[in-house]
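Chains as they are written, first to last, in the working numbering: chain A, 90 to 338; chain B, 90 to 338.
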DNA sequence: GAAATTCCTGCACAAAAACGCAGAAAGCAG
DNA sequence: CTGCTTTCTGCGTTTTTGTGCAGGAATTTC
């Protein structure tokens with residue numbers, strides 16, 4: 090088993106169960122504890138997991154249990170959310186993924202908006218639920234504790250039955266060469282299904298994530314219609330994406 | 090169980106119930122009292138809890154102390170929840186409705202329990218999600234904003250595909266003549282489906298709701314296996330139900 | 001004020017981590 | 001192919017960490 094392969098597997102396990110035990114992993118993958126430890130160390134250095142005595146925890150673990158009121162780059166996300174809200178009009182069917190940027194979008198929805206929002210993200214659903222006029226459709230399946238989103242074949246099948254007017258994707262990494270990439274296999278499957286089931290695909294991404302890449306590919310730039318960041322549309326960082334045919338806001 | 094995980098659980102419990110007793114925690118998590126004490130000490134050093142003789146208090150608890158926690162029947166619900174927890178064992182598939190009693194049940198689940206919980210109730214799902222060892226399956230469909238539960242034919246169809254070991258129903262009204270009754274047509278449909286899909290049906294009800302009725306019928310007493318209230322099993326109020334063949338706890 | 005908890009300290013033991021090292025595998029130039 | 005470097009992996013040893021236990025001190029409770 091290759092090193093990259095092994096680390097991808099570990100990351101997947103962490104994302105799925107919120108924790109891993111080194112002892113368990115080393116018997117599962119059949120390598121020494123040292124190797125596992127080194128892998129965890131590397132993943133921790135990259136900020137993908139949190140290493141603790143005996144194993145590792147997912148990053149969201151701390152957010153779940155130690156409520157973190159200062160959300161990272163909140164202001165940028167608010168800017169992005171406001172730009173995105175402008176794309177939604179009454180009567181639309183809107184499909185959204187999870188992620189903090191999407192939450193910010195949910196919070197920015199004007200109260201008079203009447204639309205239908207569809208998502209499998211629990212935090213997003215919570216926000217939509219408190220909105221006075223929007224209808225909320227929840228995609229059911231097994232919950233991934235890490236991403237707080239429903240994942241699995243049922244969820245994907247349900248999404249594929251839909252045809253939404255617009256789809257908003259929280260983005261983990263985007264880059265001209267690889268397109269949109271992510272690090273959780275199951276989340277990627279969901280995002281792909283969402284893209285297929287939407288007339289229009291909009292990516293929300295803070296500038297920091299632009300020109301970064303993750304191991305698993307979601308889609309190419311040709312499959313997205315619009316990229317929204319907190320930067321002005323003429324920022325040089327965005328030029329390559331405009332050249333690649335993506336609308337930018 | 091990892092140290093961080095354990096501390097997270099303790100913190101969650103503190104935030105949930107505003108206090109914890111070390112003696113209770115150590116029997117719940119199955120570690121020595123010393124370990125718990127050391128954990129509490131660490132959490133206190135980080136300012137996350139306030140350590141007191143015999144346990145710890147949440148930070149907000151000290152600022153505003155409401156002896157009854159706002160809800161009058163909270164303690165009753167806790168009693169009910171603790172009785173109900175005893176019916177769940179490792180590996181079970183558990184189907185639950187919504188309601189505050191179910192939330193209390195969710196909060197009382199022992200951390201080492203490994204089971205699969207299935208529900209369409211958003212508040213219940215939120216609680217299940219924080220539990221370290223249980224798997225959570227979310228029933229998807231349109232969200233009913235006032236009951237915060239997914240309702241509709243999709244949800245019902247999904248439930249009918251299941252066969253759960255046990256089903257816990259929060260009860261709105263129960264009475265010997267009409268059985269279990271409710272006032273929301275869509276919620277009733279769901280509860281009926283849940284009853285059909287479970288080997289064992291358990292009703293959770295505070296004594297106050299016993300011998301009351303609502304307009305829509307969920308099921309007769311013959312369809313439920315057990316009724317859990319905060320009363321002792323030999324309370325005269327429960328006698329008619331025992332006579333009707335319902336087990337009582 | 002006496003009994004019962006709970007707390008603190010030091011200690012022992014086990015599990016896990018860190019470290020250095022050596023062999024294996026892969027990549028590369030000639 | 002050969003010889004060289006680089007990377008990866010596993011092994012033994014030493015350190016560190018986490019946990020439980022035993023005692024005596026401190027506290028709550030009645």
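Quick reminder that beta carbons are idealized off the backbone N, C-alpha and C, glycines included.
Anyone know if the C-beta pair for residue 304(A) and residue 272(A) falls short of 8 angstroms? Here residue 304(A) is taken as the residue at index 215 of the first chain, counted from 1. Here residue 272(A) is taken as the residue at index 183 of the first chain, counted from 1. Yes, the pair counts as a contact, with Cβ atoms nearer than the cut-off.
What are the start and end residues of each continuous alpha helix (DSSP H) run of 4 or more residues lying completely inside the stretch 188-219 of chain B, in chain order? Counting only runs of 4 or more, we get 189-196 and 211-219.
For a cutoff of 8 angstroms on Cβ pairs, would you count residue 283(B) as touching chain A? As a working mapping, residue 283(B) is identified with position 194 in the second chain. At a cut-off of 8 angstroms between C-beta atoms, residue 283(B) does not count as an interface residue with respect to chain A.
Apply the 10 Å Cβ neighbour rule to residue 156(A) and answer buried if 16 or more other Cβ atoms are within range, or exposed otherwise. Translated into positions along the first chain, residue 156(A) becomes position 67. Low local confidence applies: a pLDDT of 42 at residue 156(A) is under 50, so the model's placement there is unreliable, and no value is given.
Give the straight-line distance between the Cα atoms of residue 279(B) and residue 291(B), rounded to the nearest whole angstrom. As a first step, residue 279(B) is located in the second chain; it is residue number 190 there, counting from the start. As a first step, residue 291(B) is located in the second chain; it is residue number 202 there, counting from the start. Roughly 15 angstroms between the two C-alpha positions.
For the structure I just gave you, are there three or more beta carbon pairs, one from the stretch 179-194 of chain A and one from the stretch 207-224 of chain A, closer than 8 angstroms? Segment contact: the stretch 179-194 of chain A against the stretch 207-224 of chain A, three or more CB-CB distances shorter than 8 angstroms; contact assigned.
Through-space distance from residue 324(B) to residue 182(B), alpha-carbon basis: Position 93 of the second chain, counting from 1, holds the residue named residue 182(B). Position 235 of the second chain, counting from 1, holds the residue named residue 324(B). Roughly 31 angstroms separates the two Cα atoms.
Give me the chain B residues within the contact set of residue 273(A), using Cβ-Cβ distance strictly less than 7 angstroms, ordered along the chain. Here residue 273(A) refers to the residue found at position 184 when the first chain is read from its first residue. Result: empty, since nearest Cβ-Cβ is about 17 angstroms, beyond 7 angstroms.
Could you spell out the range, first to last residue, of the alpha helix (DSSP H) harbouring residue 94(A)? As a working mapping, residue 94(A) is identified with position 5 in the first chain. 92-106 is the extent of the alpha helix (DSSP H) around residue 94(A).
Chain B contact residues for residue 181(A), given Cβ-Cβ distances below 7 angstroms: Counting from 1 along the first chain, the entry for residue 181(A) is found at position 92. Ordered by position in chain B, no residue passes the 7 angstroms Cβ test against residue 181(A), which lies about 16 angstroms from the chain.
Contacts of residue 315(B) in chain A (Cβ-Cβ under 9 angstroms): As a working note, residue 315(B) is residue 226 in the second chain. Near residue 315(B) there are no residues of chain A at all, since even the closest Cβ is about 27 angstroms away, more than 9 angstroms.
The ligand NAP heavy atom lying under 7 angstroms from the CB of residue 164(B): Although the ligand NAP was asked about, the structure shown includes no ligands whatsoever.
Straight-line Cα distance separating residue 295(A) from residue 163(A): The residue given as residue 163(A) occupies position 74 in the first chain. The residue given as residue 295(A) occupies position 206 in the first chain. For residue 163(A) and residue 295(A), the distance between alpha carbons rounds to 10 angstroms.
Less than 8 angstroms between the beta carbons of residue 286(A) and residue 249(A), yes or no? Numbered from its first residue, the first chain carries residue 286(A) at position 197. Numbered from its first residue, the first chain carries residue 249(A) at position 160. Against a cut-off of 8 angstroms, the Cβ pair of residue 249(A) and residue 286(A) comes out as a contact.
Helix, strand or coil for residue 338(B), going by three-state DSSP, please let me know. Here residue 338(B) refers to the residue found at position 249 of the second chain. Secondary structure of residue 338(B) (DSSP, three-state): coil.
Taking the continuous beta strand (DSSP E) assigned at residue 111(A), which residues delimit it? By one-based count along the first chain, residue 111(A) stands at place 22. Not the beta strand (DSSP E): residue 111(A) falls in the alpha helix (DSSP H), residues 111-118.
At which residues does the alpha helix (DSSP H) containing residue 282(A) begin and terminate? Start at 1 with the first residue of the first chain, and residue 282(A) comes out as number 193. Its alpha helix (DSSP H) spans residues 274-285.
For residue 333(B), which of helix, strand or coil comes out of DSSP? The sequence position of residue 333(B) within the second chain is 244, counting from 1. In the three-state reduction of the DSSP assignment, residue 333(B) falls in the coil class, being assigned neither a helical nor a strand state.
Hey, how far is the Cα of residue 120(A) from the Cα of residue 100(A)? Here residue 120(A) refers to the residue found at position 31 of the first chain. Here residue 100(A) refers to the residue found at position 11 of the first chain. Taking the straight line joining both Cα atoms gives about 16 angstroms.
To which residues does DSSP link residue 306(B) through a beta bridge? In the second chain, the residue the question calls residue 306(B) occupies position 217. Looking at the DSSP assignment, residue 306(B) forms a beta bridge with 270(B).
Within 8 angstroms (strictly less), CB to CB, does residue 117(A) reach chain B? For the purposes of this step, residue 117(A) is taken as residue 28 along the first chain, with counting starting at 1. Among the residues facing chain B, residue 117(A) is not included, as its CB has no counterpart in that chain under 8 angstroms away.
Output the distance between the C-alpha atoms of residue 105(B) and residue 312(B), rounded to the nearest integer angstrom. Taking the second chain and counting its residues from 1, one reaches residue 105(B) at position 16. Taking the second chain and counting its residues from 1, one reaches residue 312(B) at position 223. Between the alpha carbons of residue 105(B) and residue 312(B) lies a distance of about 34 angstroms.
Nearest to residue 108(A) (by Cα), restricted to the options 170(A), 122(A) and 137(A): The residue given as residue 108(A) occupies position 19 in the first chain. With distances taken between CA atoms, residue 108(A) lies nearest to 137(A) out of 170(A), 122(A) and 137(A).
Taking residue 91(B) and residue 141(A) to be in contact with their CB atoms under 8 angstroms, please state how far apart those CB atoms are, rounded to whole angstroms. By 1-based counting over the second chain, the position of residue 91(B) is 2. By 1-based counting over the first chain, the position of residue 141(A) is 52. Between the beta-carbon of residue 91(B) and that of residue 141(A) there is about 6 angstroms, and that keeps the pair under the 8 angstroms contact cut.
Chain-ordered chain A contacts of residue 247(B) [CB-CB under 9 angstroms]: Counting from one through the second chain, the residue named residue 247(B) turns up at place 158. Under the 9 angstroms cutoff, chain A gives 229 and 243.
So residue 256(B) and residue 238(B) are in contact, right, with Cβ under 8 angstroms, and what is the actual spacing, rounded? As a position in the second chain, residue 256(B) is number 167, starting the count at 1. As a position in the second chain, residue 238(B) is number 149, starting the count at 1. Separation of the CB atoms of residue 256(B) and residue 238(B) is rounded to 15 angstroms, and the pair is thereby denied contact status at 8 angstroms.
Inter-residue Cα distance where the pair is residue 314(A) and residue 289(A): Counting from one through the first chain, the residue named residue 314(A) turns up at place 225. Counting from one through the first chain, the residue named residue 289(A) turns up at place 200. Computed Cα separation, rounded: 6 angstroms.
Buried/exposed call for residue 229(B), threshold 16 Cβ in 10 Å: Along the second chain, read from residue 1 onward, the residue named residue 229(B) stands at position 140. So residue 229(B) counts as buried.
Kindly indicate which three-state DSSP category residue 168(B) falls into: helix, strand or coil? As a working note, residue 168(B) is residue 79 in the second chain. Residue 168(B) falls in the helix class under three-state DSSP.
Could you give the distance in angstroms between the alpha-carbon of residue 159(B) and the alpha-carbon of residue 166(B)? Counting from one through the second chain, the residue named residue 159(B) turns up at place 70. Counting from one through the second chain, the residue named residue 166(B) turns up at place 77. Confidence at residue 159(B) is low in this model, with a pLDDT of 42, below 50, so the placement of that residue should be treated as unreliable; the coordinate-derived value is given next. Whole-angstrom Cα-Cα distance: 13 angstroms.
7 angstroms CB neighbourhood of residue 322(B) in its chain, flanking five on each side removed: Residue 322(B) sits at position 233 when you count from the first residue of the second chain. Counting only Cβ-Cβ distances below 7 angstroms, and skipping sequence neighbours, we find 337 and 338.
Helix, strand or coil, according to DSSP, for residue 265(B) in the structure here? In the second chain, the residue the question calls residue 265(B) occupies position 176. Assignment of residue 265(B) by DSSP, reduced to helix, strand and coil, places it in the coil class.
Counting only Cβ pairs nearer than 7 angstroms, list the residues of chain B close to residue 99(A). Your numbering for residue 99(A) matches position 10 in the first chain. By Cβ distance, chain B contributes nothing, its closest Cβ being about 16 angstroms from residue 99(A), past 7 angstroms.
In chain B, what lies closer than 7 angstroms to residue 135(A) by C-beta? Counting from one through the first chain, the residue named residue 135(A) turns up at place 46. Listed along the chain, the chain B residues whose CB falls inside 7 angstroms of the CB of residue 135(A) amount to none; the nearest CB is some 19 angstroms away.
Report the neighbours of residue 239(B) on chain A: residues whose CB is nearer than 8 angstroms to its CB, in chain order. Against the second chain, residue 239(B) aligns to sequence position 150. What residue 239(B) touches in chain A: 227 and 229.
Around the Cβ of residue 235(A), are there at least 16 other Cβ atoms within 10 angstroms (buried) or fewer (exposed)? Against the first chain, residue 235(A) aligns to sequence position 146. Buried, because 16 or more other Cβ atoms sit within 10 Å of the Cβ of residue 235(A).
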